[in-house]
Amino acid sequence: MTENMNILLFFVSCVLTNNFIFSRFLGCCPFLGVSNKVETSLSMGLAVTFVMTIASLFCYMIYNWLLVPLGITFMSTIAFILVIAALVQFVEMFLKKSSPTLYSALGIYLPLITTNCAVLGVATLNMNNGYNLLYSVLNGTFSALGFTLAIVLMAGVRERLESSHIPACMKGFPITLVSAGLMAVAFMGFSGLV
Amino acid sequence: MIILYAGLLLGILGLIFGGVLTFAAKKFHVEVDERVEQIKECLGGANCGACGYAGCDAFAQAVVDGKAPIDGCAPAGAKGIEKIGKIMGMEANVGERMVARVLCQGAKGVALDRYEYDGYKSCAVAAGLAGGPKACRFSCIGLGDCQDKCKFDAITMKDGLAHIDPAKCTACGACVKACPRSIISLLPVSQSVIVRCRNTDTARAARAVCMDACIGCGRCKKQCQYDAIIVENGLARIDHEKCTRCGECAAVCPCKCIVIE
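In order, the protein sequences belong to chains P and Z. My numbering runs 156 ahead of the 1-based position in the first sequence. My numbering runs 673 ahead of the 1-based position in the second sequence.
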């Protein structure tokens with residue numbers, strides 16, 4: 157029971173309190189780049205969830221079973237990047253063969269995730285916080301869900317912004333950044349929840 | 674020793690991942706329609722994006738899927754479009770080749786300057802600053818926004834005016850979109866008689882800012898035997914369907930703003 161409760165708390169903490177975009181400011185590039193439409197942002201979020209979950213698992217294994225025994229933990233960043241890049245490539249090939257519909261839905265976003273700091277960020281956070289295997293994977297999934305929530309909300313806001321009257325100098329990215337800032341302030345309200 | 678471990682580990686990991694990826698590439702190989710490759714060969718290959726797709730690859734795929742028209746790639750030219758038509762087994766409806774023309778002659782000394790501009794080298798920025806550095810609000814600003822966008826090296830800047838080489842121009846339309854003054858237009862390549870001005874101000878106002886501005890006097894319209902010239906809003910315009918390229922209008926134009934290429 158307490159274990160379940162812990163996981164629930166962990167979920168709330170990852171999705172709301174320590175939201176990747178609004179609290180940690182990781183993954184801001186896709187957050188601004190692919191939040192034009194709710195549909196595409198949702199696919200991006202799902203692609204990130206997928207990759208971050210698997211990346212957490214693999215990075216945990218590489219770190220704890222190879223780097224720590226050999227005493228070369230300083231290699232973690234470069235090893236993580238290697239793992240993530242190879243993983244995304246593999247997943248892309250696999251999806252292209254097994255599920256063309258999902259592949260075309262994710263489209264360009266899948267390879268884009270390779271260079272996404274959120275994925276490297278989750279692996280590094282897992283390592284720094286000393287999470288065990290279960291919590292590493294959960295952290296990956298939940299944080300990515302938080303990312304999805306943020307990007308979908310933002311896409312909704314931006315769709316509304318499209319049809320509203322905005323001063324010419326604020327059109328486009330300026331107003332988007334202002335909205336993102338306001339959303340970050342709103343998310344600050346969740347701090348202290350867990 | 675630690676360095677050795679680090680190097681070895683990274684090398685071995687790289688080898689394993691490389692091996693797995695090579696295996697996966699073979700195992701999960703997906704047959705691509707060979708027409709996509711063939712069509713890609715016929716395209717302009719500049720990834721200019723003028724067709725509205727992400728690049729030449731995406732356009733070729735869209736043509737094969739039947740989503741894009743076979744003549745959607747302007748840089749491919751008439752020959753390229755014909756080839757694509759053959760690959761797709763469709764009759765290509767090739768219109769006349771278009772080229773981009775700069776509709777301004779306001780070089781330095783011809784058009785008056787409003788002020789000396791010494792800011793960021795961008796027409797879009799300069800245009801927003803007190804109406805632009807040249808007195809004429811329809812003039813070429815001459816800071817080369819179109820040149821930056823041209824993937825085919827067809828635009829040169831000379832005396833504060835853009836010049837387009839018709840031989841290199843592929844009519845992709847990137848410069849037309851880039852120009853903040855909208856003075857670049859796509860015209861049929863055979864249309865050799867061109868009104869090189871967009872000034873719709875009154876004759877007095879136009880003449881006050883540029884020596885070569887069209888003042889809308891209508892002498893060209895009177896001279897034209899084919900009824901091909903329309904003068905509206907103080908600006909002459911040539912109907913390309915009716916124009917026979919005789920050049921009589923250019924001879925009588927008092928402002929020398931109708932030119933024969």
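Glycine included, each C-beta is placed from N, C-alpha and C at the ideal position.
Which bits of chain P does residue i rub up against, with CB to CB less than 7 Å?
i                      : result
residue 678 of chain Z : 226, 228
Check the C-beta distance from residue i over to residue j and give it rounded, since I have them as a contact under 8 Å.
i                      : j                      : result
residue 849 of chain Z : residue 770 of chain Z : That pair is no contact at about 16 Å.
residue 721 of chain Z : residue 745 of chain Z : Contact flag wrong, Cβ pair sits at about 12 Å.
residue 931 of chain Z : residue 868 of chain Z : 5 Å
residue 307 of chain P : residue 275 of chain P : Not quite, the Cβ-Cβ distance comes to about 14 Å (not below 8 Å), so this is no contact.
residue 784 of chain Z : residue 882 of chain Z : 6 Å
residue 686 of chain Z : residue 235 of chain P : 7 Å
residue 243 of chain P : residue 210 of chain P : 6 Å
residue 901 of chain Z : residue 911 of chain Z : 6 Å
residue 317 of chain P : residue 331 of chain P : 6 Å
residue 793 of chain Z : residue 806 of chain Z : With 8 Å as the limit, residue 793 of chain Z and residue 806 of chain Z do not qualify as a contact, their Cβ atoms being about 12 Å apart.
residue 870 of chain Z : residue 777 of chain Z : 7 Å
residue 176 of chain P : residue 299 of chain P : 5 Å
residue 835 of chain Z : residue 798 of chain Z : About 16 Å; that fails the 8 Å criterion.
residue 203 of chain P : residue 265 of chain P : 5 Å
residue 228 of chain P : residue 688 of chain Z : Contact doesn't hold; Cβ gap of about 17 Å is too wide.
Checking the sheet assignment: what are the DSSP bridge partners for residue i?
i                      : result
residue 903 of chain Z : Z:910
residue 786 of chain Z : Z:807
residue 273 of chain P : Paired residues: none, contrary to the question.
residue 861 of chain Z : Z:771
residue 932 of chain Z : Z:867
residue 699 of chain Z : Answer by DSSP bridge pairing: none, since residue 699 of chain Z is not bridged.
residue 837 of chain Z : Z:828
residue 781 of chain Z : Z:784
What does residue i reach in chain Z if we use C-beta pairs closer than 8 Å?
i                      : result
residue 250 of chain P : 697, 701
residue 231 of chain P : 679, 682, 683
residue 235 of chain P : 682, 683, 686
Run through chain P and tell me which residues come within less than 9 Å of residue i, C-beta to C-beta.
i                      : result
residue 693 of chain Z : 242, 246
residue 732 of chain Z : The premise fails here: residue 732 of chain Z is roughly 15 Å from chain P at the closest Cβ pair, so nothing lies under 9 Å.
residue 690 of chain Z : 238, 239, 241, 242, 243, 245, 246
residue 675 of chain Z : 226, 227, 228, 230
Taking C-beta pairs closer than 7 Å, name the residues in chain Z that residue i reaches, listed in chain order.
i                      : result
residue 253 of chain P : 701, 703
* To do: Can you check the stretch 702-743 of chain Z for any beta strand (DSSP E) of at least 3 residues that lies completely inside it and give the ranges in chain order?
  => none
* To do: Enumerate, from N- to C-terminal direction, the unbroken beta strand (DSSP E) stretches of 3 or more residues contained entirely within the stretch 798-833 of chain Z.
  => 828-831
* To do: May I ask you to list, following chain order, the residues of the stretch 199-229 of chain P that have a beta carbon less than 8 Å from some beta carbon of chain Z?
  => 218, 222, 223, 226, 227, 228
* Along the chain, which unbroken stretches of the alpha helix (DSSP H) at least 4 residues long are found entirely within the stretch 871-905 of chain Z? -> 876-882, 892-896
* Asked: Taking the runs of the alpha helix (DSSP H) that are 4 residues or longer, which of them lie wholly in the stretch 242-316 of chain P?
  -> 256-262, 265-269, 273-285
* **alpha helix (DSSP H) segments (min. 4 residues) lying fully within the stretch 181-245 of chain P** => 184-189, 194-218
* Quick one, which residues of the stretch 774-804 of chain Z are near chain P if we go by CB-CB under 8 Å, in chain order? -> none
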